[in-house]
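Number of protein chains: 2
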Amino acid sequence: MIEITRPLARYIVASRLDAMPAQVRHEGVRAFVNSMGCVLGGCRESVIERALAVFEDLSGPPQATVIGWGKRVDAPTAAMLNAMSVFVHSFMDTHLATVAHPAGPPAVALFAMSERQSVKGVDLLHALILGIEVACRLANVIAAAPAKSHVGLSTHGVTNVIGTAVAMGKLLGLDEQQMVWAIGLAVVQAAGIRSGHGSMGGKLVAGHATRCGMLAAMLAAKGFTCSENPLEGAKGYAAVFANPPNLPAAVDRLGEHYEMLANAYKPYPCGIVIHSSIDVCLQLAAEPGFDADAIQSLQLNVHPLSMQLCDRQQPVDRMQALVSVQHWAAVALLFRQAGIAEGSDRVVHDPAVVALRGRITVRADEGMASEAATVTVLFKDGSTQQSHVAQCRGSHARPLTDDDLGVKFRGQANMLLSAAATEDLLGQCWRLQDLDDVGQLAQRFFQGNALSSH
Amino acid sequence: MIEITRPLARYIVASRLDAMPAQVRHEGVRAFVNSMGCVLGGCRESVIERALAVFEDLSGPPQATVIGWGKRVDAPTAAMLNAMSVFVHSFMDTHLATVAHPAGPPAVALFAMSERQSVKGVDLLHALILGIEVACRLANVIAAAPAKSHVGLSTHGVTNVIGTAVAMGKLLGLDEQQMVWAIGLAVVQAAGIRSGHGSMGGKLVAGHATRCGMLAAMLAAKGFTCSENPLEGAKGYAAVFANPPNLPAAVDRLGEHYEMLANAYKPYPCGIVIHSSIDVCLQLAAEPGFDADAIQSLQLNVHPLSMQLCDRQQPVDRMQALVSVQHWAAVALLFRQAGIAEGSDRVVHDPAVVALRGRITVRADEGMASEAATVTVLFKDGSTQQSHVAQCRGSHARPLTDDDLGVKFRGQANMLLSAAATEDLLGQCWRLQDLDDVGQLAQRFFQGNALSSH
């Protein structure tokens with residue numbers, strides 16, 4: 000048995016931010032900017048309102064902000080709700096090799112803690128990088144070739160709880176043994192099944208991982224024990240969730256190779272495996288003379304995972320539309336854009352969208368890369384048109400630039416805040432490393448959102 | 000695909016206590032008595048103290064009693080801590096076919112709710128029976144022949160969250176659609192990996208299931224949605240946790256067959272798969288002239304699962320001893336009893352116990368039934384002695400009687416309470432069906448324990 004848990008714990012405890020390459024630190028800031036923007040974009044949706052209706056009554060002391068609601072609740076509850084906001088529009092980040100989404104949960108967990116205790120920007124950044132790194136590596140253990148997990152298992156659910164635990168553990172200053180326990184306590188709470196996709200339940204997975212990960216670290220800090228080999232042991236994370244696991248992926252070249260650099264940011268607010276279909280439809284729709292009204296039928300050829308996770312011909316609401324490849328192909332062709340508005344209930348029920356979705360056939364193509372897609376349109380006059388995208392926006396070959404991330408942040412923050420407040424928050428997020436006290440940034444989020452909620 | 004989720008939801012919503020056989024209702028009372036006794040027996044252990052150190056600071060309004068501590072916290076937090084108390088000594092109930100432990104989590108969840116809102120004894124009983132029934136059936140889906148789950152998956156973790164959700168849902172009066180959502184919201188939080196066994200983390204699994212199950216029902220009551228087929232769908236509970244699942248077990252003869260009648264109560268405070276080894280060693284030790292000091296070595300032949308889950312030659316502390324077959328065989332031979340005292344740290348480190356554990360060989364025997372065991376002792380003088388138990392105490396053939404459950408309750412309650420207070424509580428628990436307001440019983444638990452904590 001290759002050891003994983005203790006080497007990871009040792010690495011996290013010993014890690015120093017100034018030993019990390021500038022590229023890694025900058026990627027951590029990008030992950031933070033992207034996550035906080037997604038909180039702003041998602042926070043006012045009814046899924047958060049309904050969760051708040053339960054959790055506000057159960058909250059402990061007002062320690063941290065429920066962003067968008069002008070309310071303070073205890074830190075794990077705030078982080079849980081803010082994590083759900085990150086995931087609301089499926090607009091977050093994605094570790095492409097595994098379809099994990101590692102940044103949001105540790106980002107909002109650390110952010111909530113910055114309101115409970117004084118936290119420097121560099122310390123938040125450092126813990127965040129470690130949390131993302133561990134979650135990406137553990138996703139590779141169970142879900143990247145040759146490791147294989149059940150397609151119904153939510154990779155982000157079972158990895159984010161651990162990523163959040165180690166990020167919190169770093170912030171709390173756990174020692175090596177406590178960090179081993181924190182990882183174990185996260186493992187025993189690791190949950191997430193994809194059956195909730197397309198409903199509010201799919202968002203709960205992210206909130207659950209965040210809260211449970213925070214608690215794992217807080218319990219370990221109080222001497223609440225766990226076992227020695229929760230990741231690699233015979234009855235542990237890798238054995239239960241993967242078949243077979245790729246254990247070396249967890250610890251190979253720790254501190255040299257940064258798997259978090261393979262984490263990408265979504266250009267479109269929907270399931271990542273839909274993005275290549277959106278790109279190819281946008282490309283087709285941009286061709287001269289293209290007329291969506293003239294479509295008789297169309298076929299999408301996609302990577303098999305796109306079919307397995309997102310084959311929903313007629314989503315009944317916006318939650319289902321988030322994981323419907325047919326929906327996003329249709330709106331890309333009809334409206335030539337694919338933003339949060341195109342995922343709204345109004346658009347989901349638009350008769351033209353319903354009709355076009357009904358004319359789409361999706362084929363799983365074993366030879367198609369996950370970032371590629373082909374669309375073939377048959378027009379009513381009998382003519383056909385085909386388009387192919389090899390590498391969609393947001394893929395490793397075409398990552399979002401810092402400017403793209405700024406545009407994405409503004410587009411979401413503007414739904415809530417004035418342009419001036421948006422620019423102020425965005426600027427502060429980019430300057431994370433310079434902040435002496437992240438709690439002051441949290442205060443601005445609180446004030447901005449308190450205003451907007453009236 | 001056979002439908003499970005909606006038929007279960009429909010059954011639970013339509014269920015009436017007066018349509019249930021008297022035997023089923025009485026079994027529900029027995030499960031309640033056993034669970035509350037185990038809370039009293041486990042509540043003062045350090046695992047609860049350390050959890051309380053985290054959760055008390057995060058608690059919402061004081062709604063329900065943390066039994067044994069004279070403290071009130073919000074209801075889900077109280078239930079979570081009390082559920083961990085049930086599991087502390089591994090002395091709870093067991094659904095023998097699956098090694099699930101279905102009664103404690105819904106029992107303490109409903110009990111905590113009785114302090115938050117007025118709850119009649121019959122309503123608690125009814126909801127409890129349904130919660131146990133659903134958990135047992137869902138355990139059969141993944142873990143009883145021919146269904147098979149990974150040995151590292153904690154059956155009680157992933158089933159209790161759902162059992163607790165439906166019990167809470169019944170108490171809250173959810174309609175059928177809300178009950179479907181509650182089941183789904185429990186499924187997406189379903190967690191538990193056995194790597195935490197032998198540490199405090201193993202107890203967290205029970206607390207996590209309890210809290211998350213309660214929240215699932217509370218969220219569903221507020222219109223927080225989930226999917227339609229979380230149990231039977233392609234990316235659902237059965238598909239992810241079993242290979243292959245036994246789907247019919249969930250719904251066969253609902254309302255006629257009661258799987259909860261197959262739930263048993265533990266006579267010994269340790270892993271259920273150890274019990275036959277304890278019985279056979281107690282039997283051997285009771286033979287005339289038996290001398291434990293004269294043992295050279297001994298061999299236990301046990302069911303393979305006993306070996307897989309509880310092979311721990313030298314446990315380092317009482318948490319590990321709970322899942323060490325060698326420990327309990329040794330104490331049974333040395334002390335001729337196997338109660339909570341024999342699992343204490345003092346006994347775990349007793350040199351005579353350490354020495355005898357070291358002389359034990361455990362063999363997994365494919366032909367051995369789970370309720371059977373054989374011990375073969377080689378004495379220093381070269382003589383040998385063998386003993387065999389076909390059906391241990393607590394098995395289906397030899398269930399604990401109501402009197403046995405009373406003895407078990409008293410033995411645990413007496414650690415905290417006066418004899419008079421113990422008799423009072425025990426009597427009230429047996430009269431559950433007659434209680435107009437369970438909250439008054441909870442008040443007695445609070446007072447009794449507040450006194451004891453000084």
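If you're matching them up, the sequences are chains A and B in order. The end of the first sequence is residue 453 by numbering that gives the first Met the number 0, with every number in the run present. The end of the second sequence is residue 453 by numbering that gives the first Met the number 0, with every number in the run present. A virtual CB, placed ideally from N, CA and C, is assigned to each residue, including glycine. Because the structure is a prediction, the values reported are computed rather than measured.
To be precise: take each residue of the stretch 188–199 of chain B, compare its Cβ to all Cβ atoms of chain A, and keep it if any distance is under 8 Å. Which residues remain?
Gln188, Ala189, Ala190, Gly191, Ile192, Arg193, Ser194, Gly195, His196, Gly197, Ser198 and Met199
With a threshold of 16 other CB atoms inside 10 Å of the CB of Asp174(B), please say whether the residue is buried or exposed.
exposed
State the beta-bridge partners of Arg71(A) as determined by DSSP.
Thr64(A)
Cutoff 9 Å: Asn81(B) Cβ touching any chain A Cβ
no
Please state whether the Cβ-Cβ distance between Ala363(A) and Ser275(A) is less than 9 Å.
no
For Val315(B), is the classification buried or exposed, using 16 other Cβ atoms within 10 angstroms of its Cβ as the cut-off for buried?
exposed
Output the residue ranges of the beta strand (DSSP E) runs that lie fully inside the stretch 99–150 of chain A and measure 3 residues or longer, sorted by chain position.
none
Bridge partners of Phe289(A), per DSSP?
For Phe289(A), which the question treats as bridged, DSSP gives no partner whatsoever.
Cβ contact (3+ pairs, closer than 8 Å) linking the stretch 164–173 of chain A and the stretch 211–218 of chain A:
yes
Per DSSP, which one or two residues make a beta bridge with Ser153(A)?
DSSP output for Ser153(A) lists no bridge partner at all.
In chain order, which beta strand (DSSP E) runs of at least 3 residues are fully inside the stretch 325–398 of chain B?
359–363, 372–378 and 383–388
Length of the line joining the Cα atoms of Val186(B) and Gln446(A)
36 Å
Whole-angstrom distance between Leu109(A) and Val121(A), CA atom to CA atom
12 Å
If distances are taken between C-alpha atoms only, which option among Ala249(A), Val12(A) and Ile294(A) comes closest to Ala378(A)?
Note on identity: in this sequence residue 378(A) is Phe, with Ala being the wrong assignment. For Phe378(A), the nearest C-alpha among the options comes from Ile294(A).
Given Asn228(B), which residues of its chain have a CB within under 7 Å of its CB, disregarding the five upstream and five downstream residues?
Thr4 and Gly235
Between the CA atoms of Gly200(B) and Thr224(A) - distance to the nearest angstrom
6 Å
Please name the residue in Ala216(B), Ala205(B) and Gly156(B) whose C-alpha comes closest to that of Val179(B).
Ala216(B)
Under 8 Å from the C-beta of Pro61(B): neighbouring residues of chain A:
What Pro61(B) touches in chain A: nothing, since even the nearest Cβ is about 11 Å away.
Span of the beta strand (DSSP E) around Asp92(B):
Asp92 to His94
According to the Cβ coordinates, are Thr97(B) and Asn139(B) closer than 9 Å?
yes
Start and end residues, beta strand (DSSP E) containing Ser198(B)
Counting along the chain, Ser198(B) falls outside any beta strand (DSSP E), and DSSP gives it neither H nor E.
Could you pull the DSSP bridge partners for Gln298(B) from this structure?
Thr360(B) and Thr375(B)
Take the Cβ of Gln385(A) as the centre, count every other Cβ of all protein chains shown within 10 Å, and call the residue buried at 16 or more, exposed below.
exposed
Please report the Cβ distance between Ala284(B) and Leu332(B), rounded to the nearest whole angstrom; I am assuming they are in contact, meaning their Cβ atoms lie under 8 Å.
5 Å
Look at the alpha carbon of Glu341(B) and the alpha carbon of Ser194(B), and state the distance between them as a whole number of angstroms.
24 Å
May I have the straight-line CA-CA distance separating Val72(A) from Pro60(B), to the nearest angstrom?
12 Å
Quick one: which chain B residues come within Cβ less than 9 Å of Arg49(A)?
Leu218, Lys221, Gly222, Phe223 and Thr224
According to DSSP, is Ile3(A) part of a helix, a strand, or is it coil?
coil
Is there a Cβ from chain A that is less than 9 Å from the Cβ of Met112(B)?
no
Could you check where the beta strand (DSSP E) with Tyr264(B) kicks off and where it finishes?
Asn262 to Tyr264
Would a check of beta-carbon distances place Pro350(B) closer than 9 Å to chain A?
no
Provide the residue span of the alpha helix (DSSP H) that contains Leu416(A), from first to last.
Unbroken run through Leu416(A): none, as it is neither H nor E.
To the nearest whole angstrom, what separates the beta carbons of Ser323(B) and Val272(B), a pair I think is in contact under 8 Å?
The pair is not a contact, with the Cβ atoms about 11 Å apart (cut-off 8 Å).
Alpha carbons only, please: which of Leu51(B), Val85(B), Glu255(B) and Leu308(B) is nearest the one belonging to Gly69(B)?
Leu51(B)
Chain-ordered chain B contacts of Ala328(A) [CB-CB under 7 Å]
By Cβ distance, chain B contributes nothing, its closest Cβ being about 22 Å from Ala328(A), past 7 Å.
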